[in-house]
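Have a look at the structure below before the remarks.
Residue numbers (this note's numbering): 4 to 866.
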């Protein structure tokens, strides 16, 4: 019996240990890690873990937790709080602080031994570790503090089989950074995905709103999913939180409640937003009560999100058959930011069996836009316009942007969600000044006769970012107390006898009294070297003679009254043309104070005697038009008329100016093709050496008109050498005269009139016609015939010869290297047969190895 008792006790111990281990292994359900930058490289972390109540109550608990900071260090801290958030789940919170070694990106992670069991989409979940992480970007030396996004709704929820399921984490960012969402695979360790995991079918996550939609659950049980809540600033990701959540799919025994749909809204800072929300429940037998809460306003906890900024919601939370609540928020300028604020509402029903309790969520996105600055006046000051506005009293504004347009008022009111210059068509950014500034002088191309309208906008620095509403439009103009140039026409185009006609308007608002004019001219579109050219009594002046063909001019008219009042300068409309292959590119430019409304291009083609309107172009002070599909080698001439106006309707319009005329011949400007090269060199059968290479190649380019400026010849001395530039010639033939050597290789390329060089021709190589031969018999008897060893014919291209003679026993009897013609008479050697070797060195050959030749033969001396 004692043995049996002992065995029984041991069995109980083993069972209890096994149960304890199994219970401990099944208590982690969900969690996430929140971060906050405290100062420079010092951070705090909040670890929130959700545990299974039955396991915890059975004695499996986590009074401490260990966090790895991603820099090789970790810390274990005691639990700060533990509370029951629903009948089967505890929320556990742990706090950590850490100082990082410096700038960097760190993954902060938490690992616990095992998840709870029976998770449908994780195989063997009971033995799968639970791991979550958050990414922090540490930047030393930056003063802006930062919090990770906060979550208003716990990562635990219930769904029903066969019913559409929607969940939102209620994420919000205190600093106003952008938030995005992305589904990821849950992890069991750093960098290690959970094995055997699958995302439930038909589950999606909205990357902008964070709505997790499951359409629809088909199986009861527990499911885990994980997603990143990513934080962005200025287009750069600065961190993320991994939320690992658990969804319990229940049998379909209850219909979820329904919250009224709320539209996203915009509101100007300083206004009060009032939003009504109500809930209903479709269950009618029996009717069920519903409670509406705002998840950013948790019970028995500090308010979060907008409620930290003074927003309120009905208290106590609405409860009943058809509850209604009121959200109210008196906004302030400091709450304005680029990203909308989010408020989460939750409706929970109360069925008889609360195990099957369901919820509905609604997210209200509120974009708070800073009020518009108050632009007060735009008045003339010197040659510019002075803008003045009220001091912008929103402390978070950093800059004021100034937008401008001319000659047109908008009379437009922005839609509620439009910011900056949105809704003000035609405005362009002019300048940006500090938010503390209340005035700006615009002297950027302000011209008399025109009026200018302005809108100003406040800019907010990061992390809030964003723009205010645009101010009311305010317009202004310079005084009309000067002459206004009206047109400049190039009447005659010539390099020396050209003529320009200048016209202008009298001052509109010059006080009574007599005045006179002086007219000045400068060279160039933006010329400054003005010289007086006349004192006209009328408003027309003819300027001649000039080089109007190649030069543009600028003019100014001064009014001489009590003082001198200069006009705004204006230039001629200057035309430039560039020919191309079957085309002519026509460019124009001018600098005038009036507005260019349109342009007319006139053309005269080959064989035509008069210009005709060819093309109407948009009004621009400079531009380019390409006239293509032309016939190469024909002549085409052009000039342009500009049609302009001043904003002030008291000045007549149109204002017409004409350019000089220009003619061009379209010509092939493409890369020239390679010519084909042939060479006529020395005929080796000829007795007389000519010492020349005659190069001929095919003519390339346009067959109708020559577009080739010259040809480049390339040469290499040896067959294997790289070709180098040798000579440029204007035609398709060249004679290379060289009294030393004609061997070498040639190619030819064409260069067109635009300086573009084409590909090189085929490579042609030639060699010298070498010859050196010696006799086999000499009769040195002084009869003048065959007395000496001399070459049989005139040597060709021989530079040096070493001549050596041997007797029949191989003994050297004679050698010399000072005469290529040798002239050896046998010396004192007896008659008989001898052998010789002639080592011949030729002048440069095509192949270097051919420059040396050994000639071996016999020699008979016979006297």
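Note that the Cβ used here is the ideal one computed from N, Cα and C, for glycine as well.
Beta-carbon proximity check, residue i vs residue j, cutoff 8 Å
i	j	result
residue 242	residue 251	no
residue 34	residue 247	yes
residue 770	residue 848	yes
residue 253	residue 163	yes
residue 463	residue 339	yes
residue 479	residue 383	yes
residue 764	residue 680	yes
residue 577	residue 588	no
residue 489	residue 658	yes
residue 82	residue 57	no
residue 438	residue 407	no
residue 459	residue 376	yes
residue 858	residue 761	no
residue 334	residue 423	no
residue 669	residue 586	yes
CB-CB length for residue i against residue j, believed under 8 Å
i	j	result
residue 695	residue 738	5 Å
residue 271	residue 374	5 Å
residue 774	residue 799	4 Å
residue 646	residue 661	Not a contact, Cβ separation roughly 11 Å.
residue 185	residue 151	15 Å between Cβ atoms; not a contact.
residue 443	residue 390	5 Å
residue 816	residue 808	5 Å
residue 78	residue 99	6 Å
residue 572	residue 557	5 Å
residue 632	residue 671	In fact, because the Cβ distance is near 14 Å, the residues do not count as touching under 8 Å.
residue 820	residue 805	4 Å
Closest Cα partner of residue i within the set the options
i	options	result
residue 217	239, 179, 171	171
residue 731	758, 388, 674, 693	758
residue 221	504, 256, 167	167
residue 140	159, 185, 72, 200	72
residue 710	864, 418, 584	584
residue 103	97, 111, 96	111
residue 550	563, 291, 526	526
residue 231	36, 41, 718, 447	36
residue 469	764, 442, 425, 89	425
residue 796	719, 689, 606	689
residue 200	180, 133, 124, 207	124
residue 617	624, 623, 625, 629	629
residue 529	574, 517, 130, 496	574
residue 735	743, 715, 213, 381	715
residue 117	90, 86, 359, 54	54
residue 548	498, 129, 445	498
residue 788	865, 776, 753	865
Close beta carbons around residue i, own chain, < 6 Å, minus the five adjacent residues each side
i	result
residue 853	none
residue 344	309, 369
residue 504	492, 494, 545
residue 560	486, 507, 520, 522, 570
residue 52	34, 95
residue 193	112
residue 68	50, 97
residue 350	260, 262, 282, 293, 295, 363
8 Å CB neighbourhood of residue i in its chain, flanking five on each side removed
i	result
residue 855	842, 843, 844, 845
residue 861	779, 836, 837, 838, 839
residue 851	721
residue 153	37, 174, 175, 176, 177, 307, 308
residue 392	376, 377, 378, 379, 403, 441, 442, 459, 474
residue 682	696, 697, 698, 699, 749, 767, 769
Distance cut-off 7 Å: residue i Cβ against heavy atoms of the ligand COA
i	result
residue 653	This structure does not include the ligand COA; it has no bound ligands of any sort.
Spatial neighbours of residue i in its chain, beta-carbon cut-off 7 Å, leaving aside the 5 residues before and after
i	result
residue 510	483, 484, 485, 486, 562
residue 14	For residue 14, the pLDDT reaches just 42, beneath the cut-off of 50, and the residue's location in the model is therefore unreliable, although a value from the coordinates is still provided. If we look at residue 14 and ignore the five residues flanking it on each side, it has no Cβ neighbours.
Original post:
Which parts of the stretch 293-365 are runs of the beta strand (DSSP E), unbroken and 3 residues or longer, counting only runs that do not cross its ends?
Top reply: 327-333, 344-353
Original post:
At what residue ranges does the stretch 752-779 contain a whole run of the beta strand (DSSP E), taking only runs of 3 or more?
Top reply: 767-769
Subject >> Segments of 3+ residues assigned as beta strand (DSSP E) that fall wholly inside the stretch 379-429 >> reply: 387-392, 400-409
Subject >> Residue ranges of each beta strand (DSSP E) within the stretch 604-628, 3 or longer >> reply: 615-621
**OP:** Just list the beta strand (DSSP E) runs in the stretch 628-665, keeping only unbroken ones of 3 residues or longer that don't cross its boundaries, in chain order.
**Re:** 639-648, 658-661
Original post:
Which residue spans inside the stretch 472-531 form an unbroken alpha helix (DSSP H) run of at least 4?
Top reply: none
**OP:** Report the residue ranges of all beta strand (DSSP E) runs contained in full by the stretch 571-609; include only those spanning at least 3 residues, in chain order.
**Re:** 577-583, 586-592, 598-607
**OP:** Please list the segments of the beta strand (DSSP E) lying wholly inside the stretch 158-229, counting only runs of 3 or more residues, in order along the chain.
**Re:** 159-163, 168-170, 181-187, 190-192, 206-208, 215-217
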